[in-house]
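Just so you know, we're using full-length UniProt numbering here: the sequence shown kicks off at 1 and counts up by one. Following: one structure in structure tokens, then a few remarks.
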Amino acid sequence: MKIALQLAKKGCGFTSPNPMVGAVIVKEGRIIGQGWHEKYGEAHAERNALAACTENPKGATMYVTLEPCCHYGKQPPCINAIMEAGIERVVIGSGDPNPLVSGKGIQILKKQGILVTEHILQEDCERLNEVFFHYIQTKRPFVVMKYAMTMDGKISTKTGASKWVTGETARRHVAQQRHRYAAIMAGIGTILTDDPQLTCRIEGGKNPIRIICDTTLRIPLSANVVSTAKQIPTIIATCCRDAERCALYEKKGCHVLLVEERNGHVDLEQLMYLLGEKQIDSILLEGGGTLNWAALSSGIVQKVQAYIAPKLFGGQAAKTPIEGEGICYPTAAFRLKNSCVLPLGEDFLIESEVEQS
Ligand code: AOF
Ligand code: ZN
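Following this line, the structure appears as structure tokens:
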């Protein structure tokens with residue numbers, strides 16, 4: 001199962017909005033085939049592992065990180081392939097929360113006389129697909145709020161300069177996250193001050209869909225994200241209903257998404273619903289303090305990634321990761337759980353889940 005998990009991770013960034021899955025086929029103590037789900041819409045891990053078998057898999061055991069599917073989607077049911085190949089035993093990491101599968105895959109395999117062992121390395125298999133599990137159950141994207149700050153909690157100096165807070169190793173890690181998640185979201189403030197590309201920039205990596213929250217449609221037509229929108233999908237979420245203005249951005253290749261207004265901003269809850277409808281299963285939120293507060297207080301954030309640099313900027317005017325109104329008492333804090341720390345060069349990444357209230 002550990003090997004299957006490693007195989008599954010090779011699909012990272014390419015399977016969205018479907019899961020990463022790995023499978024290993026073992027006969028008489030030898031691995032005779034392995035495979036993973038390589039790309040959205042293409043063959044599932046189980047069929048890839050069967051196709052890769054170097055000898056007849058009849059009587060063999062299949063280790064698979066996710067319950068095999070039993071429905072016709074873009075691909076035929078994996079349980080059929082497993083039964084036809086004469087697999088004797090299936091060892092499963094986690095169940096599939098997809099309502100079309102959800103326990104039925106296991107049930108049918110058992111009915112056909114195949115031995116099924118469940119819950120092997122279940123936690124690892126569930127963590128691997130935290131995005132898929134969230135998306136299939138809520139139809140909303142999994143949102144990761146990311147920021148880089150100094151040890152005194154600043155994301156820029158008092159002049160607004162932020163290049164760079166963290167070192168190269170940490171920044172390379174961020175690039176991997178842009179590959180991993182389906183989309184990246186920033187606010188108009190970030191576009192106006194930094195004019196970023198919001199691309200991935202790692203070899204063999206995929207660029208995330210870019211989502212810009214721009215309540216009043218102020219984004220310059222010359223902004224990098226607008227001028228490259230024909231190459232990299234770019235969504236502008238706005239409350240501006242001026243059709244002529246919207247058309248200017250559409251002509252440049254942007255998709256203008258009309259959203260209701262809430263507290264003077266784009267209604268983020270509605271935006272998450274609309275993005276979920278577009279099959280966007282995950283978002284790396286690289287917002288400034290205003291957007292971060294709006295996101296956190298509207299309950300759309302699942303995870304926080306804080307990159308922390310051993311530096312101090314000082315300055316009352318220097319920006320912090322989450323601004324907005326803030327809370328009154330420490331007891332009202334947004335609580336985080338299951339935190340882990342990853343050293344990255346001289347910096348650290350602290351990653352935590354947001355406790356949903
Ligand atoms: C995958 N890859 O390796 C496995 C999946 O539309 P389809 O036919 O590709 O079906 C997608 C569903 O199949 C997915 O939501 C999940 O429930 C199940 N298993 N999917 O893309 C795989 N094993
Ligand atoms: Zn399948």
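Just so you know, even glycine gets a beta-carbon here, dropped at the ideal spot from N, CA and C. Small disclaimer: the values here were computed from a predicted structure and weren't measured.
Between the CA atoms of residue j and residue i - distance to the nearest angstrom
i    : j    : result
L291 : A52  : 47 angstroms
L271 : I114 : 44 angstroms
C69  : A60  : 19 angstroms
P330 : E351 : 21 angstroms
G187 : Q302 : 18 angstroms
K337 : S156 : 27 angstroms
E269 : K146 : 19 angstroms
Y249 : H255 : 7 angstroms
G95  : A183 : 26 angstroms
G315 : E346 : 23 angstroms
F132 : P17  : 7 angstroms
P233 : I209 : 5 angstroms
M83  : Q122 : 24 angstroms
Q223 : D195 : Reading off the sequence shown, one finds Ala at residue 223, where the question assumed Gln. Going from the Cα of A223 to the Cα of D195 covers about 6 angstroms.
H119 : I236 : 42 angstroms
H134 : M185 : 18 angstroms
R127 : I136 : 14 angstroms
E38  : G324 : 41 angstroms
V64  : E355 : 30 angstroms
T150 : R30  : 50 angstroms
G264 : L296 : 16 angstroms
T138 : P97  : 11 angstroms
I202 : S162 : 21 angstroms
Y181 : E277 : 16 angstroms
T159 : G287 : 18 angstroms
F334 : L7   : 36 angstroms
E88  : Q177 : 39 angstroms
F313 : C239 : 36 angstroms
A175 : C200 : 5 angstroms
T117 : N48  : 21 angstroms
I327 : Y273 : 26 angstroms
Of the listed residues the options, nearest to residue i (C-alpha basis)
i           : options                   : result
G86         : Q316, L50 and G326        : L50
A332        : S357, L312 and G345       : S357
H179        : M1, K2 and F14            : F14
A229        : C239, R245, N207 and R218 : N207
P321        : L285, E126, V91 and R89   : L285
S339        : G324, V304, G326 and E244 : V304
G35         : E28, L248, L5 and K58     : L5
L349        : E130, R171, N56 and D267  : R171
A148        : G29, G73, K319 and T199   : K319
R262        : V116, A294 and P233       : A294
E42         : N56, V21, R30 and M62     : V21
residue 373 : G204, M151 and K158       : Residue 373 is absent from the model: the chain starts at 1 and stops at 357.
E55         : V64, I32 and K252         : I32
E28         : K9, I3 and M62            : M62
D242        : L258, K252 and Q231       : L258
K58         : E277, V26, F334 and H265  : V26
K9          : L100, N129, A161 and C200 : N129
L99         : G93, H71, L198 and E88    : For the record, residue 99 in the displayed sequence is Pro; it is not Leu. Of the candidates G93, H71, L198 and E88, the one whose C-alpha sits nearest the C-alpha of P99 is H71.
I212        : L275, G160 and T159       : L275
V91         : Q75, L66 and Q112         : L66
D124        : I327, L342 and K2         : K2
residue 369 : V226, E260 and G299       : The structure shown does not extend to residue 369, since the chain is modelled only from 1 to 357, so the question has no answer here.
Residues bridged to residue i [DSSP beta-bridge criterion]
i    : result
G187 : C213
R172 : Its beta-bridge partners do not exist; DSSP assigns none.
E351 : Q305 and C340
S94  : L66
V165 : Answer by DSSP bridge pairing: none, since V165 is not bridged.
Y147 : A306
R89  : T61 and L115
F334 : Paired residue(s): none; F334 is not in a bridge.
F142 : S282
Kindly confirm or deny that the segment 130-145 and the segment 275-286 touch, where touching means at least three C-beta pairs closer than 8 angstroms.
-> yes
Can you list, in chain order, the stretches of the alpha helix (DSSP H) that have 4 or more residues and sit fully within the segment 3-60?
-> 45-51
In the segment 235-297, which residue ranges form an unbroken beta strand (DSSP E) of at least 3 residues, counting only runs that do not cross its ends?
-> 255-258 and 282-285
Quick one: complete beta strand (DSSP E) runs, 3+ long, within the segment 106-134?
-> 115-117
Would you check if the segment 163-171 and the segment 307-327 touch, i.e. whether three or more CB-CB distances between them fall below 8 angstroms?
-> yes
Could you say if the segment 215-235 and the segment 185-205 meet the contact criterion of at least three C-beta pairs nearer than 8 angstroms?
-> yes
Given 8 angstroms, three or more beta-carbon pairs between the segment 96-108 and the segment 65-81 = yes
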